[in-house]
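Novice: Here's a structure for you.
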Amino acid sequence: MKSEALEPGHEVLVRDHTIYSCVMGSRAFGLATDGSDTDRRGVFLAPTPLFWRFEKPPTHVEGPAEEQFSWELERFCSLALRANPNILECLHSPHVEYVDDTGRELLALREAFLSRQVHDTFARYALGQRKKLEADVRLHGAPRWKHAMHLLRLLMSSRDLLRTGTLTIDVGDHREPLLAVKRGEVSWTMVETWMSRLATEADEAAPRSPLPAEPDRARVEDFLVRTRRASALRAAPEALQADPYDERVQGVVHGRGVRQR
């Protein structure tokens, strides 16, 4: 995903309007080591009046802290409905750092985003990552082992999600075998075989998955509309203050200065 540089004023959206934030990456997956970064991801709700301007609020903001990235709520929901792996996993992080009432309602919608579409989306993403690893092997004789580890983790998560209908991102008992891959202690041939087996198991699980065929878009949209409306009502006293322009508009609305035809 292309990120956008932090611009003046954007940090206030993250600072003052975050509804949910969590830790992702190796620390959420149960793969952290002493040198692991702390990757933070979040969702902010841009105040509704900001959308009434020509210049809309950003769909995402990088920062202000190191390794921090946040999405505006509508963008986040849109990506989740399309079964974006990174977005869906954010909703299932075991390390929640902040959540307000709106964020709790978002978390309560986790299952509404899940559907059998995850099979195609996760598989396409995994295929793209595998091609990059294969290119590294051709060019350098070895893949980036950390990336190979995370691809195996994603394939496991996808398979288990399709089998059970539940997205679990902590690797549990697979921690040590995966860390061995990261350290380069497993041959690329064995890693390839492991990846192929996991992909085949996901393909076999997909037709019998307990997941619905489609996400519950109507339920998510209802949440988004209610949230936008509540934001507009909270901002009404400030956003609707009278000024000379408002008075001219009211004059037109009530018939003053309107030429009759």
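Residues in the sequence shown are numbered consecutively from 23, following my numbering. Using N, Cα and C, we set each Cβ at its ideal position, and we do this for glycine too. These numbers come from a predicted model, not from an experiment.
What are the residues that DSSP puts in a beta bridge with residue 84?
Specialist: Position 62 of the sequence shown holds residue 84. Residue 84 is bridged to 91.
Novice: Could you give the distance in angstroms between the alpha-carbon of residue 195 and the alpha-carbon of residue 77?
Specialist: Translated into the one-based positions of the sequence shown, residue 195 becomes position 173. Translated into the one-based positions of the sequence shown, residue 77 becomes position 55. Using only the alpha carbons, I get a separation of about 49 Å.
Novice: In the region 134–200, which residue ranges form an unbroken alpha helix (DSSP H) of at least 4 residues, counting only runs that do not cross its ends?
Specialist: Fully enclosed alpha helix (DSSP H) runs of 4 or longer: 139–162 and 167–186.
Novice: Since residue 125 is in the alpha helix (DSSP H), which residue starts that stretch and which ends it?
Specialist: Walking along the sequence shown from the start, residue 125 turns up at place 103. Run containing residue 125: 123–130, per the alpha helix (DSSP H) assignment.
Novice: For the pair the region 139–151 and the region 169–181, tell me if three or more CB-CB distances fall below 8 Å.
Specialist: The region 139–151 vs the region 169–181: in contact.
Novice: Please list, in chain order, all residues of the same chain as residue 184 whose beta carbon is under 8 Å from its beta carbon, the five residues on each side excluded.
Specialist: By one-based count along the sequence shown, residue 184 stands at place 162. Counting only Cβ-Cβ distances below 8 Å, and skipping sequence neighbours, we find 138, 140, 141, 224, 227, 228, 231 and 233.
Novice: Using CA atoms only, rank isn't needed, just tell me which of 93, 251 and 81 is closest to residue 44.
Specialist: Residue numbering aside, residue 44 sits at position 22 when the sequence shown is read from its first letter. That would be 93, whose Cα lies nearest to the Cα of residue 44.
Novice: Whole angstroms are fine: how far does the CA of residue 79 sit from the CA of residue 252?
Specialist: Start at 1 with the first residue of the sequence shown, and residue 252 comes out as number 230. Start at 1 with the first residue of the sequence shown, and residue 79 comes out as number 57. Roughly 18 Å between the two C-alpha positions.
Novice: Spatial neighbours of residue 208 within its chain, please: CB distance less than 7 Å, with the 5 preceding and 5 following residues excluded, ordered by chain position.
Specialist: The residue labelled residue 208 in the question sits at position 186 within the sequence shown. Closer than 7 Å at Cβ, skipping near neighbours: 202.
Novice: Suppose you measure from the CA of residue 84 to the CA of residue 65; what does that come to, to the nearest Å?
Specialist: Counting from 1 along the sequence shown, the entry for residue 84 is found at position 62. Counting from 1 along the sequence shown, the entry for residue 65 is found at position 43. Rounded to the nearest angstrom, the two C-alpha atoms are 12 Å apart.
Novice: Can you tell me whether DSSP reads residue 203 as helix, strand or coil?
Specialist: Locating residue 203 in the sequence shown gives position 181, counting from the first residue. Helix.
Novice: For the alpha helix (DSSP H) containing residue 48, list its first residue and its last residue.
Specialist: Position 26 of the sequence shown, counted from the start, is the residue given in the question as residue 48. Start and end: 48–51.
Novice: Using a Cβ-Cβ cutoff of less than 6 Å, which residues in the same chain neighbour residue 17 once the five nearest sequence positions on both sides are dropped?
Specialist: The question about residue 17 has no answer, for the chain in this structure spans 23 to 283.
Novice: DSSP state of residue 40, grouped into three classes?
Specialist: Working through the sequence shown from its first residue, we reach residue 40 at position 18. Here residue 40 sits in strand by DSSP.
Novice: Compute the beta-carbon to beta-carbon distance between residue 46 and residue 133, rounded to the nearest angstrom, for a pair I have assumed lies under 8 Å.
Specialist: As a first step, residue 46 is located in the sequence shown; it is residue number 24 there, counting from the start. As a first step, residue 133 is located in the sequence shown; it is residue number 111 there, counting from the start. Contact flag wrong, Cβ pair sits at about 20 Å.
Novice: Within the continuous alpha helix (DSSP H) that includes residue 219, where are the two ends?
Specialist: Mapped onto the sequence shown, residue 219 falls at position 197. Where residue 219 is concerned, the enclosing alpha helix (DSSP H) stretches over 210–227.
Novice: Within the present structure, is the beta-carbon of residue 39 separated from the nearest heavy atom of the ligand SAH by less than 7 Å?
Specialist: This structure lacks the ligand SAH, and indeed carries no ligand of any kind.
Novice: Identify which residue in 192, 156, 167 and 168 has its Cα closest to the Cα of residue 179.
Specialist: As a first step, residue 179 must be located in the sequence shown, where it is residue number 157. Nearest option by C-alpha distance: 192.
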